[in-house]
Amino acid sequence: MEEKKASVGARVTQEAAAGQAAAAINSMPAALTTFRCPLDGRVFASYADLVDHYNAEHPDSVVPITVNLTINGKNCEILLEPHWTLKQALQFKLGLTGAKHMCDRGACGSCTVIMDGRPILSCQILAAECEGFAIQTVEGIAADPKWKPLIDAYCKWDAMQCGYCTPGFLVTAKCLLDRNPHPTETEIKKALSGNICICGTYPRHSQAILEAAEIIGKEGN
Amino acid sequence: MADIAGKNGQREEFRVVGKPNKPGILSYAQASGVAKFGADYTAPDMLHAKFLRSPYAHAKINSINTEKAWRVPGVVDIVLWDDPDLMGLGGMPFGPPKSYLGNVAHQENQEVGAIVVAESEDACEEALRALEVDWEVLPFIVDLREGGTNPDLPVIRSPEDEGGGDMFGGRPSRPKEGNWSFTDKIEGDMAAGEAAADYVIEYDTNMPIFASLIPNATGSIAWWFDDPYHGPGKSLHIEGAVQRRGNIAQMYHVSNEKCVQEGLFHGGKYCDWSLRKSQEITPLLAKRTGRPVRCVNTREETFDFLMNQRLCHLRIGFTKEGLITFIDDQSIADGGRPGNSSFGTTGDMGYGPYYTLKCENISQRYKVVDTNTGMMYTSGQHCPFNWDTLTMGIHIIAEKLGMYPIDVARLNLHGPTSQKDTDRVPSFEYCLEEGKKLADWHWHPNRAKRLPDGRLHGASFRYQMCPRHAFSGYDCKLELRNGVVHLPTQGPCTGIYAVEANAMTVAEELGLEYEDISVDFDYRETFTPVGGGSDGTTASSWAMKECANILKEKILESAIRAANNPPPPSMFGGFGGGPKKENPLKGHTPDELDMIGGMVCLKSDPSQGMPLKQATSENLFATYSGRPPASLWSLGMGKMLDTMNTAYCEVAVDEDTGEVEILKLTVVADPGKVMRLTSLESQIDQVMFFSQGCQLLEEYVYDQHTGVRLNANMIDYKKPTPMDVPSVNRKFLESRAGNAAYGANGISHSLCNTHLIIIAIYNATGVWVDPPATPDKVLKALGKI
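Protein chains in written order, with the working numbering: chain U, 36 to 256; chain H, 41 to 825.
And the structure:
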């Protein structure tokens with residue numbers, strides 16, 4: 036494997052993070068141009084060729100399928116095995132790593148994304164089931180200037196320590212503010228109750244969301 | 041020891057240090073989801089790897105038939121424990137080489153016997169299922185009480201299975217007996233202590249297992265690449281072994297320069313810096329296959345101990361006034377599987393709460409039991425573990441004598457300098473005074489108070505000295521480049537906001553703002569802000585403070601050079617410029633200058649100065665290698681007291697349902713100096729979250745018949761959620777008595793506890809409940825079920 040020159044980094048500003056999130060979205064493949072066999076790595080020019088390959092070489096294996104997803108407003112065609120979750124598709128097919136792998140059984144909320152306005156656990160839904168729905172990930176929220184106050188407030192209040200679960204919280208928080216622009220602290224706690232932070236940052240999320248709600252409300256007016 | 045030796049350690053005015061709401065250097069990356077952790081990395085043409093894991097608590101693999109596994113589509117490599125590539129890998133340079141993997145599992149789900157590499161994780165798992173493994177199931181111990189009291193159990197560990205020990209000592213003081221090792225530490229005159237006692241109490245404490253501390257699934261990805269710039273041979277790129285790049289380089293015999301790791305993020309590295317096999321093995325597999333290999337644990341595979349179980353039996357003698365005359369602690373500690381940190385067993389017995397007492401007759405006799413329960417890496421959050429056994433004793437004494445527990449604590453706590461010092465510890469007195477106010481502290485005997493809704497009310501108090509052992513040295517470097525101060529560091533970013541405190545310190549010393557400091561992350565840099573102990577962060581800030589002052593001297597000297605010998609005007613310099621303003625620094629000496637508000641200016645008249653960028657055009661470097669003076673605590677091993685923390689808890693207990701509600705948690709702590717307020721407050725929230733979890737919810741359950749862990753997942757092992765946690769009242773004292781930057785010493789995990797809530801339940805109900813105090817246990821303790 037060729038090595039790119041290792042990069043070094045400095046302080047990450049809101050603009051830089053938003054830019055990286057936008058770049059990640061832009062890098063998602065829009066359409067399949069090659070079809071790689073996940074079992075032996077051979078690459079084919081068409082889906083039909085891949086199916087033929089399966090019939091000939093892997094007759095006992097399930098043939099991958101193509102799925103069309105709408106992620107952060109962008110249409111993406113991906114090839115995956117039918118049992119793959121949306122979480123797997125986001126990371127391994129689309130390069131989006133904001134939804135995090137933690138519990139892998141729907142208990143922690145770290146992989147939360149938004150599907151048609153509702154928070155869902157991407158580790159618990161098959162990617163194939165997501166066709167036809169609008170999916171928004173934390174990258175989409177970070178790249179949208181409207182939600183800068185939420186990101187700002189999260190950073191201002193240290194609503195993260197190690198930061199691993201943070202995107203899941205932030206996605207849930209955005210979803211809450213979408214349907215309830217002025218939540219109370221109790222409503223925030225309820226909304227976030229499906230998210231686990233092993234660093235124990237819960238009080239900071241309430242502070243951040245309350246502040247962001249106020250700012251977004253003022254900006255909206 | 042206050043920061044007297046360092047530059048400006050006694051600074052009185054702070055513009056930057058201690059201020060709230062300064063975003064972390066990498067917070068925006070974390071919040072935006074663009075921060076990459078080890079498990080997030082992928083690479084083109086990447087393979088996946090999975091370890092075979094034991095379905096048994098203790099088992100030996102006699103043989104593995106790989107024939108069927110090789111036939112699984114997508115399988116690229118299968119490595120068995122006796123493969124030559126695994127012999128000696130990561131081992132000691134002396135003695136006969138051992139297999140990196142081995143064929144004996146000492147815990148259910150432990151990596152053992154085989155590694156499969158395949159095109160996908162699914163193929164890995166299918167191949168693992170297809171391995172025909174000849175298991176020899178061996179006797180096991182997962183019940184610590186049984187293991188620690190039954191001498192007739194089969195011996196589960198051979199001498200060659202023993203771990204190599206670790207940095208925390210805990211060496212056996214008696215020959216091993218079967219599954220038991222012994223460490224005894226006896227000080228003073230126990231017989232005299234017994235004779236002086238008017239009363240002797242005995243009680244048992246169960247410090248439960250506390251597990252699953254690391255948020256992110258541990259794992260790595262590695263590949264080899266051509267890199268002629270750093271010598272012959274391939275170079276290694278690994279992601280996921282954060283802050284352990286050097287260990288990986290050493291393991292694979294490549295120089296540090298030929299080992300690349302850009303990633304900065306690792307979740308929850310709260311005193312657990314040990315690498316897991318999934319973080320170590322990928323370079324080998326990448327070398328064998330010639331392709332990038334990713335190996336990431338599942339959550340079930342990341343359920344290691346933050347704290348081993350310990351069963352304590354205490355005998356405490358005391359006078360009718362409440363003065364403790366002896367302490368006899370006989371603990372049975374879970375030694376876990378081979379390699380378990382001795383910090384979880386006996387590594388903390390050399391210091392701790394007993395040494396905060398005037399009583400000098402202290403006996404600690406620990407029996408460490410080999411078990412098949414699990415593994416504790418490095419150290420834990422609840423330290424020292426016996427702090428809670430003493431706290432329980434203080435409350436039992438108070439109850440027996442009709443005293444306030446705070447008064448019992450105050451009576452027994454020795455003075456700042458030694459166990460013979462009868463003076464008050466100022467920090468303790470302040471924390472008590474403020475704590476009682478903040479907690480609205482009204483003590484009552486057990487079962488003496490009911491709330492208007494009929495529930496029983498209980499309260500508890502705990503004092504705690506912050507264990508500090510930051511003996512680490514720090515190699516700091518600062519650079520003024522094009523008028524901007526750069527702080528280069530290798531990171532990492534693990535949740536403790538360490539480099540942020542460094543940057544704030546540099547800004548403070550150089551008259552700049554926090555945002556002015558460019559923190560440059562580069563894996564090749566030597567400086568890391570992380571050090572051992574609760575004072576690690578503040579200790580690195582101490583070293584960085586010294587470095588900043590060295591840079592400051594150079595800047596001032598440079599500014600004088602520039603003022604006295606300005607560069608000649610260039611031919612392009614005059615357009616539209618007019619006559620240049622006289623440099624106000626000209627003719628002065630560096631001693632007459634200061635840096636204030638982003639300016640290099642005259643001390644005598646700060647309005648006379650120039651912005652830093654204009655004051656000098658030179659690129660300047662400053663380095664400092666060193667560490668702050670050792671803390672009083674570490675010098676005295678707990679027998680010298682400078683800073684102190686106190687915590688208070690109030691609960692309501694429903695006798696009909698067994699439900700416990702935390703009404704109030706209060707913490708008044710003395711971090712010496714607040715370095716970064718917002719994250720310090722969050723640390724308090726965190727330790728209370730940990731404390732609540734292990735006392736009310738979190739319980740690690742084993743099938744006693746098979747030794748299999750039943751709830752190593754986040755559904756059945758309950759962590760507190762946002763709905764569970766109460767808000768924590770907090771207040772900080774800045775005594776400036778710590779040894780690190782500006783007299784800070786940190787707090788970190790020292791306030792974590794296993795029994796603050798349990799003691800409040802005791803105060804409410806008059807009965808002891810073993811943690812976690814789930815409703816069924818409370819009802820059982822009350823005799824209702």
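The C-beta atom is built at its ideal place from N, Cα and C for all residues, glycine as well.
The alpha helix (DSSP H) enclosing Asp764(H), as first and last residue numbers: Locating residue 764(H) in the second sequence gives position 724, where the first residue counts as 1. According to the DSSP assignment, Asp764(H) belongs to no alpha helix (DSSP H), since it is labelled neither H nor E.
Just how far apart, CA to CA, sit Ser865(H) and Pro202(U)? Residue numbering for chain H in the displayed model covers 41 to 825; residue 865(H) lies beyond these limits and cannot be assessed.
What ranges does the beta strand (DSSP E) occupy inside the stretch 164–205 of chain H, keeping only unbroken runs of at least 3 residues that lie completely in it? As far as the stretch 164–205 of chain H is concerned, its whole beta strand (DSSP E) runs of at least 3 residues are 172–177.
Buried or exposed: where does Val262(U) fall if 16 or more other Cβ atoms within 10 Å of its Cβ makes it buried? Because chain U in this structure spans residues 36 to 256, residue 262(U) falls outside the shown range and cannot be described.
May I have the straight-line CA-CA distance separating Ser42(U) from Asp562(H), to the nearest angstrom? Residue 42(U) sits at position 7 when you count from the first residue of the first sequence. Residue 562(H) sits at position 522 when you count from the first residue of the second sequence. The pLDDT assigned to Ser42(U) is 46, lower than 50, so where the model puts this residue is not dependable, and the model offers no usable value.
Beta-carbon of Pro113(H) versus every beta-carbon of chain U: anything under 8 angstroms? The residue you call residue 113(H) lines up with position 73 of the second sequence. By this cut-off, Pro113(H) is an interface position.
Under three-state DSSP, which class holds Pro528(H)? For the purposes of this step, residue 528(H) is identified with residue 488 of the second sequence, where counting begins at 1. Looking at Pro528(H) - three-state DSSP - the assignment turns out to be strand.
Which residue or residues does DSSP assign as beta-bridge partners of Asn685(H)? Here residue 685(H) corresponds to residue number 645 of the second sequence, with the count starting at 1. The partner list for Asn685(H) (beta bridge, DSSP) reads Gln504(H), Ala709(H).
Do you know offhand how far Phe366(H)'s Cα is from Ile233(U)'s? Indexing the second sequence from 1 puts residue 366(H) at position 326. Indexing the first sequence from 1 puts residue 233(U) at position 198. Between Phe366(H) and Ile233(U), the C-alpha separation is close to 39 angstroms.
Would Val112(H) and Glu166(H) qualify as a contact pair, given that the criterion is a beta-carbon distance under 8 angstroms? Here residue 112(H) refers to the residue found at position 72 when the second sequence is read from its first residue. Here residue 166(H) refers to the residue found at position 126 when the second sequence is read from its first residue. Taking 8 angstroms as the cut-off, the Cβ atoms of Val112(H) and Glu166(H) count as close.
Which residues in chain H have a C-beta closer than 7 angstroms to the C-beta of His136(U)? List them in chain order. As a first step, residue 136(U) is located in the first sequence; it is residue number 101 there, counting from the start. Residues of chain H with a Cβ closer than 7 angstroms to the Cβ of His136(U) are, in chain order, Ala79, Ala257.
Here's the rule: buried if 16 or more other CB atoms are within 10 angstroms of the residue's CB, otherwise exposed. What is Gly357(H)? Counting from 1 along the second sequence, the entry for residue 357(H) is found at position 317. Counting the other CB atoms within 10 Å of its CB gives Gly357(H) a total of 16 or more, which places it among the buried residues.
The beta strand (DSSP E) that contains Ile372(H), what's its start and end? Locating residue 372(H) in the second sequence gives position 332, counting from the first residue. Here the beta strand (DSSP E) through Ile372(H) covers 364–374.
Okay, do the stretch 346–360 of chain H and the stretch 91–109 of chain H touch, 3+ Cβ pairs below 8 angstroms being the bar? With a cut-off of 8 angstroms, the stretch 91–109 of chain H and the stretch 346–360 of chain H do not count as touching, because too few Cβ pairs lie within range.
Use the C-beta contact count for Leu681(H): other C-beta atoms within 10 angstroms, 16 or more gives buried, fewer gives exposed. Sequence index remark: in the second sequence, residue 681(H) carries index 641 (1-based). Under this definition Leu681(H) is a buried residue.
Cβ closer than 7 angstroms: which chain U residues qualify as neighbours of Asn426(H)? The residue labelled residue 426(H) in the question sits at position 386 within the second sequence. Chain-ordered listing is empty here: chain U has no CB closer than 7 angstroms to the CB of Asn426(H), the nearest sitting near 24 angstroms.
Alpha carbon of Lys40(U) to alpha carbon of Arg316(H), nearest angstrom: Counting from 1 along the first sequence, the entry for residue 40(U) is found at position 5. Counting from 1 along the second sequence, the entry for residue 316(H) is found at position 276. Residue confidence is low: Lys40(U) scores 48 on pLDDT, short of 50, so the model does not pin down where it sits. No coordinate-derived value is stated.
In the structure shown, what three-state DSSP assignment does Ser94(H) receive? Here residue 94(H) refers to the residue found at position 54 when the second sequence is read from its first residue. Ser94(H): coil per DSSP, three-state reduction.
By Cβ distance below 7 angstroms, which residues in the same chain neighbour Lys820(H) in space, the five residues on each side in sequence not counted? Counting from one through the second sequence, the residue named residue 820(H) turns up at place 780. Result list for Lys820(H): empty, nothing under 7 angstroms.
Assigned secondary structure, Ala41(U) (DSSP; H/G/I helix, E/B strand, else coil): The residue labelled residue 41(U) in the question sits at position 6 within the first sequence. Legend: pLDDT at Ala41(U) = 44, less than 50; position of this residue unreliable, no value from coordinates given.
Go through its chain and collect everything with a Cβ distance to Pro255(H)'s Cβ below 6 angstroms, but skip five positions before and after it. Along the second sequence, one-based indexing puts residue 255(H) at 215. Taken in chain order, the residues that qualify are Gly307, Gly308.
Give the straight-line distance between the Cα atoms of Lys253(U) and Asn246(H), rounded to the nearest whole angstrom. If you number the first sequence from 1, residue 253(U) lands on position 218. If you number the second sequence from 1, residue 246(H) lands on position 206. Spanning the two alpha carbons is a distance of roughly 53 angstroms.
What does Glu174(U) reach in chain H if we use C-beta pairs closer than 9 angstroms? The count along the first sequence starts at 1 and reaches residue 174(U) at position 139. Against Glu174(U), the close residues of chain H are Ser72, Gly73, Val74, in the order they occur along the chain (beta-carbon pairs closer than 9 angstroms).
By DSSP's criteria, Arg397(H) is part of a beta bridge. Which residues make up the other side? Walking along the second sequence from the start, residue 397(H) turns up at place 357. The question names Arg, yet the displayed sequence has Leu at residue 397(H). Looking at the DSSP output, Leu397(H) shares a beta bridge with Leu453(H).
Looking only at its own chain, which residues have a Cβ that is under 6 angstroms from the Cβ of Met389(H), when we skip the five neighbours before and after it? Here residue 389(H) is taken as the residue at index 349 of the second sequence, counted from 1. Exclusion of the five residues before and after Met389(H) leaves Lys225, Gln404 as the residues of its chain whose Cβ lies within less than 6 angstroms of its Cβ.
Simplified DSSP state of Pro608(H), which is helix, strand or coil: Here the question's residue 608(H) lines up with position 568 in the second sequence. Coil at Pro608(H), not helix or strand.
Other residues of its chain near Ile446(H): CB distance less than 7 angstroms, five sequence neighbours each side excluded: In the second sequence, residue 446(H) corresponds to position 406, counting from 1. Contacts found: Leu472, Phe501.
Rounded to whole angstroms, what is the Cα-Cα separation between Leu591(H) and Met416(H)? Position 551 of the second sequence, counted from the start, is the residue given in the question as residue 591(H). Position 376 of the second sequence, counted from the start, is the residue given in the question as residue 416(H). Each residue's Cα considered, the two are about 42 angstroms apart.
Residue burial classification, Gly255(U) (beta-carbon count within 10 angstroms, cutoff 16): Working through the first sequence from its first residue, we reach residue 255(U) at position 220. Result: exposed.
Please list the partners that Phe729(H) has in chain U, where partner means a Cβ-to-Cβ separation under 9 angstroms. Along the second sequence, one-based indexing puts residue 729(H) at 689. In chain order, Cys232, Ile233, Cys234, Gly235, Thr236, Tyr237 make up the part of chain U whose C-beta sits under 9 angstroms from the C-beta of Phe729(H).
Taking buried to mean at least 16 other C-beta atoms within 10 Å of its own C-beta, is Ser644(H) buried or exposed? Stepping through the second sequence from its first residue, residue 644(H) is reached at position 604. Per the 10 Å Cβ criterion, exposed.
Hey, could you find the ends of the alpha helix (DSSP H) Met432(H) is sitting in? Taking the first residue of the second sequence as 1, we reach residue 432(H) at position 392. Run containing Met432(H): 427–441, per the alpha helix (DSSP H) assignment.
Test item: CB-CB of Ser512(H) and Ala541(H) under 8 angstroms: Counting from 1 along the second sequence, the entry for residue 512(H) is found at position 472. Counting from 1 along the second sequence, the entry for residue 541(H) is found at position 501. In this structure, Ala541(H) does not lie closer than 8 angstroms to Ser512(H) by Cβ.
Straight-line gap, Lys128(U) to Ser252(H) (C-alpha atoms, nearest Å): For the purposes of this step, residue 128(U) is taken as residue 93 along the first sequence, with counting starting at 1. For the purposes of this step, residue 252(H) is taken as residue 212 along the second sequence, with counting starting at 1. Rounded to the nearest angstrom, the two C-alpha atoms are 29 angstroms apart.
Counting only Cβ-Cβ distances shorter than 7 angstroms, please list the residues of the stretch 774–803 of chain H near chain U, keeping chain order. Cβ contacts with chain U: none found.
Distance cutoff 8 angstroms, beta carbons only. Does Ser260(H) sit that close to anything in chain U? Start at 1 with the first residue of the second sequence, and residue 260(H) comes out as number 220. By the rule that beta-carbons nearer than 8 angstroms mark a contact, Ser260(H) does not touch chain U.
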